[in-house]
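Q: The structure follows.
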Amino acid sequence: MSLAHAPDAAGSPAAESPEVLPDLVAALLPGGRPIPRDGALGQLRRQLGRIQGKVQRAFEAHELSGLAAARWLAALTDGLVSAIHAYTVAMVPSGPEGGTRAEPAFALIATGGYGRGVLAPYSDIDLLFLSDRPLGPQGRRAVEFMLYLLWDLGLKVGHATRTVSECIEDARGDTTIQTALIDARFLAGDAAVHAHFDAAFAAFRKQSGLAAFLAAKRAERGARHARYGESPFLVEPHVKEGRGGLRDLQTLYWLARHAFGVQRMPELVGKDSPGGGLLTPQEARAIRRAWNFLWTVRFHLHYVTGRAEERLTFDLQPVVGARMGYTRHGVQDGVERFMKHLFLTARDVVRLTRLLEPALERAALGPPAVLPAGDAALTQAGMSLADGKVLFSPDRNVAEDPAIMLRLVRAARDRGLEVHPLAHRALVRNARYAVRLRDDAAANAIFLDILSGRDAARWLRMLNEVGFLSRFIPDWARIVGLMQFDTYHVFTVEEHTIEAIGVLGQLERGELHEIAPVASELIGQIQSRRALYVAVLLHDIAKGRGGDHSELGAEIALDLCPRFGLTPEETETVSWLVLNHLLVSQTAFKRDIDDPKTILDIAETVQSPERLRLLLVLTVADMRAVGPKVWNGWKATLLRELYWRVAEVLAGGLSVPERDTRVARARQAAAALLEGMPEADLDRFLGLGYPGYWLSFDPETHARHARMIHDAESDGAPLTVRTRVIEARAVTEVTVYCADHPGLFSRIAGALAVAGASIVDARIHTMTNGMALDTFWVQDAAGGAFDAPHRLARLAVLIEQSLSGRLRLEAEIGKLRREPARLRAVQIPPRVVIDNHASNSHTVIEVNGRDRPGLLHDVTAAISENGLQIGSAHITTYGVRAVDVFYVKDVFGLKVENERKLKTLRDALVAALGGAEAAPAEDAVRAV
């Protein structure tokens, strides 16, 4: 077989050989005599540079696809390695020496990916030095000479020296070695040795059979997916090892090669092919497309990074997408279009695996023993059992009765059965017939039962992967493979949706009782269970269309819900939930829930306890499904507090009584806990706080503050810092008592940033004696309580140094570790929203921008420099996006309503968000 035309696994012969480069062998062996090693190394380096440059130029000029480039690079490398072999033979001749018997000849064999005739720019070159019997001293010298030349060229070489019998023995005990030898390809040396190996290895494969090899490759694939990602829809995918990546395609090729000895996937097409036609021509072309696309992405990754980088991180995605020609179309950025194509390709690889692997297994091992189902209902429904798993009966034509696909899934769920791989194959091939079921009432009823039934996420994920959902629900097809180019979401939109449905199941089974106790309790009280599950299915259905996805999704729900069989009341509930699915989280994390107006506003929107329950459970499912680092104890606490306060109003019990009454109750409760305090000291403390202070904390906190202030005044301390770890909320409370002055919040925030603490919430109060009592709730970088004793001690020292002016905040903040380079590609335009309607007493400022160390210090300094007082701050991060909300008043205790002052404030905040680079865009600032 010609080295330049060895077939690739997808079935294409190599592209035409590149034009002949200068004759390297002639340069190394002029007149048949080898030149000195240093000169040879120079010749080889120049040739290697020509090879790499030629392939890169042709690839980047779009003259070669990734697969063609991989084949060219392998073919040209063959020439380089063969020339090195010829030079080695001339420099280290073998033969009789001192009358000893001639040493065995060896064959130089390419293995692994290089053996398949494809090579990435920075991949290893795997070589096998193969002989019939162990090499002698001269042979070992030749191997060593050749390897040192390759290493001196800067090539990464994987190598082994084995006899034919050792290869067979090692392959028997190690599947990795067996896999590498499947791709063994002769390069140079003794062809007879390679022919001997080829025959011996073919006999070994036949004798060992496919079953053990298949089991080993499945186990290896499972471990690989566990390491690199079980989902093909992770937003930073591993192109080579991740699910739906190149390695999964290679696994199919290895299985086909092991089972039938085929070199190309198209050899499995047609009735006369091995296995009797395991692939259709369309499926073979799909393998080819996926193979080519993934190789193209891989080549770009290597060239962009200058190394063997296989993970497509955020910073590389826009670069690779642009190099591949993806530009903005409509509302979708080029990078989002590129990633959608990648995810759809990964999904195709998953489908092709489900389609081909069971067929290879059955063709090689024989058909399974299909048994009657064991119960008449299953048999009558057209299903059977094989290997204890359910599949379609042989006499059933799925194309004629596509609803049987849903019935099989429901039967498997109800009976606790696995779906047989052959049934998966049938689902993949017949998923397109789901189009006929869209208006089928019975089929929609089964789908609704699957959606709201046991293990719904598992079955929906299977229906999604085989392509059924996209045909059954056209709107679903638009979110498949759709990613949001940010660092907050871990999954694509449809995978996130399925994860959220899985969270509902966990809540119902009580698996999240410790993490989300209120939602776990409430889900059992919900009357509109079907509406809840459908709302979660549809809550992000309109993403990627432009406009408000909540509003568009609510309209889609009005169309889809009747089709699913929901009642008008359920339909209206689903549409309302989709429209308002962000209401609870945005209120809890961006508004002051101690402000009565906040509670009354949300109660007015929700109006019913059932809707409040539904909304809270949906919010928990949505947040838990975003990613493992999004949910924490602090956010759980805020959601819980908001729920109970709104529930209390909706129940008509405590309908937010008059402010003076609530303040009086708070003072009485605090006094009851301070019975041992001298009456004069108690009266003094009770007169210190303005009404806002008394309404912001519980009685226990008021009592702690009283003792803290008493100690500070007794000691004459100008500054007191107290910390308290609240494990149940996963936060640490930092309370600072000192003389109030402009910029105090900003300097404390800067000190906390230098200490490595992340502020999640804050309450700022000026007491009647002119002292400030500021409370911050902080977490560490991992989202847990800031609780190490030495770090808490350092935190207090840094606050004291910052307030006394001994700490150069700007310089120290500048030293803090910045975000990883891979996250810098995510663009976060600065945005400022000023709202004078959200609170009766404060102007509410919301700032959005890229999170960074010291951001809160810069933003609050800008607020203070504009003569405003901060009443409370609510800090939230979504990946690299910071969303900080401040309740402020002017020096007279009033809202800020002067337009000129508002404009000055906006400009200062936008500058603080992005520095000099962040000139405010047209829509970066707005007032509400």
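Every letter in the sequence shown is one number past the one before it in this note's numbering, and letter 627, counting from 1, is 627. Backbone N, C-alpha and C define an ideal beta-carbon position, used for all residues, glycine too. Source: prediction; values computed, not measured.
#1: Only counting the same chain, and skipping five residues up and downstream in sequence, which positions put a Cβ closer than 7 Å to that of Asp594?
#2: Measure the C-alpha to C-alpha separation of Arg328 and Gly321 and round it to an integer number of angstroms.
#3: Go to Trp777, then tell me how far its beta strand (DSSP E) extends in each direction, as first and last residue.
#4: Name the DSSP bridge partner or partners of Leu940?
#5: What are the boundary residues of the beta strand (DSSP E) that includes Arg288?
#6: DSSP three-state call for Ser520: helix, strand or coil?
#7: Have a look at Arg529, Gln484, Ala762 and flag the residue whose alpha-carbon is nearest the alpha-carbon of Arg545.
#8: Using 10 angstroms around the beta-carbon of Trp644, count the other beta-carbons present and answer buried if the total reaches 16, otherwise exposed.
#9: Assuming Leu798 and Ala751 make a contact with CB atoms under 8 Å, what is their CB distance in whole Å?
#10: Given a threshold of 16 other Cβ atoms within 10 Å of its Cβ, counted over all protein chains shown, does Phe106 qualify as buried or as exposed?
#11: Is Thr175 near Ala216, with beta carbons less than 8 Å apart?
#12: Using the rule of at least 16 other Cβ atoms within 10 Å of the residue's Cβ for burial, across every protein chain shown, is Ala70 buried or exposed?
#13: Grab the span of the beta strand (DSSP E) containing Ile726 for me, first residue to last.
#14: Taking the alpha helix (DSSP H) that Leu614 belongs to, which residues open and close that run?
#15: Near Gln178, what residues of its chain come up, given a Cβ to Cβ distance below 6 Å and the 5 sequence neighbours on each side ignored?
#16: Is the Cβ-Cβ distance between Leu909 and Val844 less than 8 Å?
#17: Would you call the stretch 668-685 and the stretch 619-632 in contact, with 3 or more CB pairs under 8 Å?
#18: Going by beta carbon distance, what residues of the same chain come within less than 7 Å of Val25, once the five residues before and after it are set aside?
#19: Taking the beta carbon of Phe213 as the centre, do at least 16 other beta carbons fall within 10 Å, making it buried, or is it exposed?
#20: If you check the beta carbons only, do Ser585 and Thr637 fall under 8 Å apart?
#21: Thinking just about the alpha-carbon of each residue, which of Gln827, Ile875, Thr735, Arg354 is nearest to the one in Phe589?
#22: If you draw a straight line from the C-alpha of Leu856 to the C-alpha of Val885, how long is it?
#23: Could you pull out every unbroken alpha helix (DSSP H) segment of at least 4 residues lying fully inside the stretch 217-270, listed in chain order?
#24: With a 10 Å radius around its C-beta and 16 neighbouring C-beta atoms as the bar for buried, classify Val55 as buried or exposed.
#25: Is the distance from the Cβ of Val503 to the Cβ of Ala621 below 8 Å?
#26: I'd like to confirm something about Val193: is its beta-carbon nearer than 7 Å to some heavy atom of the ligand GTP, or not?
#27: What three-state label does DSSP hand Met383 in the structure shown?
#28: Out of Ala290, Gly453, Arg454, Leu437, point me to the one whose CA is closest to Leu469's CA.
#29: Tell me where the beta strand (DSSP E) around Ile799 begins and ends.
#30: With C-beta atoms as the reference, is Gly270 less than 8 Å away from Gly261?
#31: Buried or exposed, going by whether 16 or more other CB atoms sit within 10 Å of the CB of Tyr228?
#32: If you draw a straight line from the alpha carbon of Ile828 to that of Gly382, how long is it in whole angstroms?
#33: With DSSP run on the structure shown, which of helix, strand or coil describes Thr567?
#34: Please check the pair Leu795 and Ala757, which I expect to be a contact at CB under 8 Å, by giving their CB distance rounded to whole angstroms.
#35: What do you reckon, are the CB atoms on Arg354 and Pro232 nearer than 8 Å?
#36: For the beta strand (DSSP E) containing Phe186, name the first residue and the last one.
A: According to the data block:
#1: Around Asp594, the same chain offers Leu695, Ser696 as residues with beta carbons nearer than 7 Å, after the five sequence neighbours per side are excluded.
#2: Using only the alpha carbons, I get a separation of about 11 Å.
#3: For Trp777, the enclosing beta strand (DSSP E) starts and ends at 771-779.
#4: Since the first and last residues shown for the chain are 1 and 928, residue 940 lies out of range.
#5: That residue, Arg288, is in no beta strand (DSSP E); its alpha helix (DSSP H) goes 281-305.
#6: Here Ser520 sits in helix by DSSP.
#7: Looking only at Arg529, Gln484, Ala762, the smallest Cα-Cα distance to Arg545 is reached by Gln484.
#8: Trp644 is exposed by the Cβ-count criterion.
#9: By a beta-carbon distance limit of 8 Å, Leu798 contacts Ala751. Their separation comes to about 4 Å.
#10: Using a 10 angstroms sphere on the CB of Phe106, the tally of other CB atoms reaches 16 or more, which defines it as buried.
#11: Contact annotation: Thr175 and Ala216 have beta-carbon atoms nearer than 8 Å.
#12: Per the 10 Å Cβ criterion, buried.
#13: Where Ile726 is concerned, the enclosing beta strand (DSSP E) stretches over 719-726.
#14: Following the DSSP letters along the chain, one finds Leu614 inside the alpha helix (DSSP H) bounded by residues 609-624.
#15: Same-chain partners within the cutoff: Ala171.
#16: No, the Cβ-Cβ distance between Leu909 and Val844 is not below 8 Å.
#17: Contact between the stretch 668-685 and the stretch 619-632 is absent, because fewer than three Cβ pairs lie under 8 Å.
#18: Answer for Val25: Ala83, Ala86, listed in chain order.
#19: Buried.
#20: No, Cβ-Cβ distance for Ser585 and Thr637 is not below 8 Å.
#21: Nearest neighbour of Phe589 by Cα position, chosen from Gln827, Ile875, Thr735, Arg354, turns out to be Ile875.
#22: One C-alpha to the other measures close to 11 Å.
#23: If we require 4 residues or more, the alpha helix (DSSP H) runs fully inside the stretch 217-270 come out as 246-260.
#24: Buried, because 16 or more other Cβ atoms sit within 10 Å of the Cβ of Val55.
#25: For the 8 Å CB-CB criterion, Val503 and Ala621 form a contact.
#26: Among the components modelled here there is no ligand, and therefore nothing to report on the ligand GTP.
#27: Residue state, collapsed to three classes: strand.
#28: If we check each option's Cα against that of Leu469, Leu437 comes out closest.
#29: Where Ile799 is concerned, there is no enclosing beta strand (DSSP E), although the alpha helix (DSSP H) it sits in stretches over 789-804.
#30: Judged by beta-carbon spacing, Gly261 lies beyond the 8 Å limit of Gly270, meaning their Cβ atoms are not closer than that value.
#31: It counts as buried.
#32: Approximately 54 Å, taken between the alpha carbons.
#33: In the three-state DSSP reduction, Thr567 falls in the coil class, being neither helix nor strand.
#34: Indeed they touch by this definition, with Cβ atoms about 6 Å apart.
#35: Taking the C-beta atoms as reference points, Pro232 is found no nearer than 8 Å to Arg354.
#36: Taken as a continuous stretch (DSSP letters only), the beta strand (DSSP E) holding Phe186 covers 185-189.
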